[in-house]
Every structure is written in C-alpha cells, then in structure tokens.
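J.: Sharing a structure with you now.
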Amino acid sequence: RHQSQVEAREKLKHSHGSGDPDCLEASLRDAHSCGVAEEHTLQAQARLRELRTAERQVQSAIEAGDRVHLTAAIDEAERQGLKTPAIDEAKQKLQSSKTGSLVSAIRQRDYHGLRQAIAEAEGRSPEEVAEVADVISQAKEVHKTLDLVAGGVSAAMKNLSYDDLQKSLEEAKRHSIVTEDVKKAEGVLATMDGAIEKLRAAADSQPRDLGALQESLHAARQLGLQAHPVYRRCEEVFAGTCMPAGFSWALEEQRAMWVLLCMRRPVEA
C-alpha cells in the first residue's frame, strides 16, 4: 500500500504540471483511492479548479462566438497552461473569425464584399493585421482584378463606345460586379440597342420611309453609333433616298456632308 501511495503521489506531481485537467483529476482519484493524505493533494485540487475554470471560460467563449471574449479566454487559458482540445478549437475559431469575411469574399469574388472585408481587417490592431497579412494580400489581389473589370465599364461609359460597353458589361456580369457605373452603362447600352433596332427597321422598310431614316440616324448619331455597321448601312440607304437618281459625288466627303445636312433639315426640304 505504501508503494501504491508513493506511485500515486509521483503521478500526481507529474499531472500537476501537465496542464491537462482530465489527467490531473484521474491522478487525484488514484491518490484518494490509495489513501494519500489530504495535505498531499491540496495543491493538486487547487490546480484542478484553476484549469477547470479556464476550460469553462474557453468553452463559453466558443459557444458565444464573441471574438473579444474568445481572445481573453485563450489568453487566460494559456496563462494557466491549459492543454485540452477545447483550447485548440478556440484558437482555430479565433483565427477563422479574423479571416472568415476575407476568405468568404475571396471565394465568392465579391467585389464590394472584398473592399469591406479588407477595410475591416486593416482596421484592427497591428498585431492582428500581421497575423492575417497573407489573407489580406490575397484579398487585395482578387479585388484588384475585379477593380480592373469595374474600371473597364467606367472607361467605356466615358467613351460611349458601343463595342466597349458591350464587352465590359459582359465581363462585369461574368464576375457579378454591380456598381453605379455598371447600372448606368446597362441603361445606356439598352438605349443604344433600341436605336440600332430602329435603324435596322428603317433600313429594311419598303417603300423607303425618309422620315424614319432621318429620325433613326439622328438618334443614333446622338449616341455616338456612327461606327456601327447598321448605322453605316442605314446611312447608305438614306443617301440613296435623299439624293436625285443617277447623281454621284466626286468625293466621299462631299456625300457625307450632304447626308449630314439632309439629316439636320426638315424632310420636306
């Protein structure tokens, strides 16, 4: 029995510094069952209470999902030397909470979400920013790519180029990017498409409707559609309709100027 008590006290001494409350509690049970005197277990019992308290605080913080509470609980647990699966889980949850919004925005390639997540991450303490610097860097790279797409739409809006608007909006749609410029560009492109349809209808009409040709060409010019193939075809039809039969121009510039003048004058003239 004496040997059992010696072994139990030795085991208790080892468990005391292990940081594992389950191991310490098992050693205390063994010590009590062997008849180890209470005076030899008092320190171990106090240590067990400290570890259990730290463990409960960590578990409570995990369940609450509060990053501040979780950080404080982990700090206290580490100060107590707690070593349990709960502390590992808490650290993983804390790391996930620091990068969760960034990772989610990266995976979804969320243009606005990335900007918000980056700003939120960079607004933390220098220590926390350093911890997630690699994820912030990755988020910035993805946002830069998406920003170029959004910038392409803005540039196309300034130039009012039909082809550029169409291509940039297709790219924005592919990346699910919605900005004020994207919304405006969609409206402008829809107006341009409507003008092109009117041009096509006027060019195909029989007999020729000079008024419809003039109106559709004028509206298309206001939208900068002179380079569009349908505009050029409609202009050729208009030129052949508003000029005398068999009439020809020595220079193409003269014909273009005459067409332009005709479009600016009432049809009856």
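The sequence shown runs 1 to 269 under the numbering used here.
Cβ coordinates follow ideal geometry from the N, Cα and C atoms, glycine included.
Suppose the cutoff is 8 Å on Cβ atoms and the five residues either side in sequence are ignored; what does the same chain contact list for L146 look like?
T.: Counting from one through the sequence shown, the residue named residue 146 turns up at place 146. Cβ neighbours of L146 beyond the five flanking positions: R109, Y111, L114, H175, I177.
J.: Residues in the same chain with beta-carbon distance under 8 Å from R29, minus the five sequence neighbours each way, listed in chain order, please.
T.: The count along the sequence shown starts at 1 and reaches residue 29 at position 29. Nothing listed; no residue qualifies.
J.: Kindly indicate which three-state DSSP category H218 falls into: helix, strand or coil?
T.: Against the sequence shown, residue 218 aligns to sequence position 218. H218 falls in the helix class under three-state DSSP.
J.: I'd like the span of the alpha helix (DSSP H) that includes A227, first residue to last.
T.: Stepping through the sequence shown from its first residue, residue 227 is reached at position 227. Per DSSP, A227 belongs to no alpha helix (DSSP H) and is neither H nor E.
J.: What number of angstroms, rounded off, separates the C-alpha of A256 from the C-alpha of L210?
T.: By one-based count along the sequence shown, residue 256 stands at place 256. By one-based count along the sequence shown, residue 210 stands at place 210. Near 17 Å, if we compare the C-alpha coordinates of L210 and A256.
J.: Could you give the residue range of the alpha helix (DSSP H) that holds V178?
T.: Reading the sequence shown from its first residue, position 178 is the one you call residue 178. Unbroken run through V178: none, as it is neither H nor E.
J.: Just to confirm, does E122 get its C-beta within under 8 Å of one of the non-hydrogen atoms of the ligand MN?
T.: Ligands are entirely absent from the displayed structure, and the ligand MN is therefore not among its contents.
J.: Kindly provide the ranges of any alpha helix (DSSP H) runs that are 4 or more residues long and lie completely inside the region 142 to 206, ordered along the chain.
T.: Here the runs fully enclosed are 162 to 174, 180 to 204.
J.: Under the rule that 16 or more other beta-carbon atoms within 10 Å means buried, what is T191, buried or exposed?
T.: Working through the sequence shown from its first residue, we reach residue 191 at position 191. It counts as exposed.
J.: Output the distance between the C-alpha atoms of A269 and H143, rounded to the nearest integer angstrom.
T.: On the sequence shown, position 269 is the one that residue 269 refers to. On the sequence shown, position 143 is the one that residue 143 refers to. At A269, the pLDDT of 40 sits below 50, so the modelled position is not reliable; the number obtained from the coordinates is stated separately. When rounded, the distance between both Cα atoms is 57 Å.
J.: By the three-class DSSP mapping on this structure, what secondary structure does A269 have?
T.: For the purposes of this step, residue 269 is taken as the residue at position 269 of the sequence shown. Residue confidence for A269 is low, a pLDDT of 40 falling below 50, so the modelled location carries little weight; the figure read from the coordinates is stated next. Of the three classes helix, strand and coil, the one that applies to A269 here is coil, per DSSP.
J.: Have a look at A185 and V135 and give me their C-alpha separation to the nearest angstrom.
T.: Taking the sequence shown and counting its residues from 1, one reaches residue 185 at position 185. Taking the sequence shown and counting its residues from 1, one reaches residue 135 at position 135. Near 33 Å, if we compare the C-alpha coordinates of V135 and A185.
J.: Which class does V132 belong to by DSSP, given the choice of helix, strand or coil?
T.: Locating residue 132 in the sequence shown gives position 132, where the first residue counts as 1. Reduced to three states, the DSSP call for V132 is coil.
J.: Considering only the beta carbon of each residue, do L24 and S18 sit closer than 9 Å?
T.: Walking along the sequence shown from the start, residue 24 turns up at place 24. Walking along the sequence shown from the start, residue 18 turns up at place 18. A contact, by the Cβ cut-off of 9 Å.
J.: Is the separation between the beta-carbon of D20 and that of L42 shorter than 9 Å?
T.: For the purposes of this step, residue 20 is taken as residue 20 along the sequence shown, with counting starting at 1. For the purposes of this step, residue 42 is taken as residue 42 along the sequence shown, with counting starting at 1. Their beta carbons are not under 9 Å apart, which means D20 does not touch L42 by this criterion.
J.: Quick one: grab the DSSP three-state call for V36.
T.: Here residue 36 refers to the residue found at position 36 of the sequence shown. Of the three classes helix, strand and coil, the one that applies to V36 here is coil, per DSSP.
J.: Can you give the Cα-Cα distance for L165 and V153, rounded to whole angstroms?
T.: Along the sequence shown, read from residue 1 onward, the residue named residue 165 stands at position 165. Along the sequence shown, read from residue 1 onward, the residue named residue 153 stands at position 153. Roughly 6 Å between the two C-alpha positions.
J.: By the 10 Å Cβ neighbour count, where 16 or more other Cβ atoms means buried, how is D181 classified, buried or exposed?
T.: Here residue 181 is taken as the residue at index 181 of the sequence shown, counted from 1. Buried.
J.: Can you tell which of L225, A219, H228, Q214 has the C-alpha that lies nearest to the C-alpha of W258?
T.: Taking the first residue of the sequence shown as position 1, residue 258 is located at position 258. Cα-wise, what sits closest to W258 is Q214.
J.: Looking at the unbroken alpha helix (DSSP H) that takes in S4, where does it start and where does it end?
T.: Position 4 of the sequence shown, counted from the first residue, corresponds to residue 4. Unbroken alpha helix (DSSP H) run through S4: 2 to 16.
J.: Would you call the CB atoms of M300 and R221 closer than 9 Å?
T.: What the structure shows of the chain is the stretch from 1 to 269, and residue 300 is not part of that stretch, so it cannot be assessed.
J.: Can you tell me whether S168 is buried or exposed? The criterion is at least 16 other CB atoms within 10 Å of its CB, across all chains shown.
T.: By 1-based counting over the sequence shown, the position of residue 168 is 168. S168 is buried by the Cβ-count criterion.
J.: Whose CA, out of Q57, R79, V129, V36, lies closest to the CA of Q3?
T.: Stepping through the sequence shown from its first residue, residue 3 is reached at position 3. Closest by alpha carbon: V36.
J.: Count the other C-beta atoms from every protein chain shown that fall within 10 angstroms of the C-beta of E63, then say buried if there are 16 or more, exposed otherwise.
T.: One-based indexing of the sequence shown puts residue 63 at position 63. Exposed, because fewer than 16 other Cβ atoms sit within 10 Å of the Cβ of E63.
J.: By Cβ distance, which residues of its chain are closer than 6 Å to Y16, with the 5 residues on each side in sequence left out?
T.: Mapped onto the sequence shown, residue 16 falls at position 16. The residue asked about is misnamed: residue 16 is His in this sequence, not Tyr. The answer, listed in chain order, is A44, R47.
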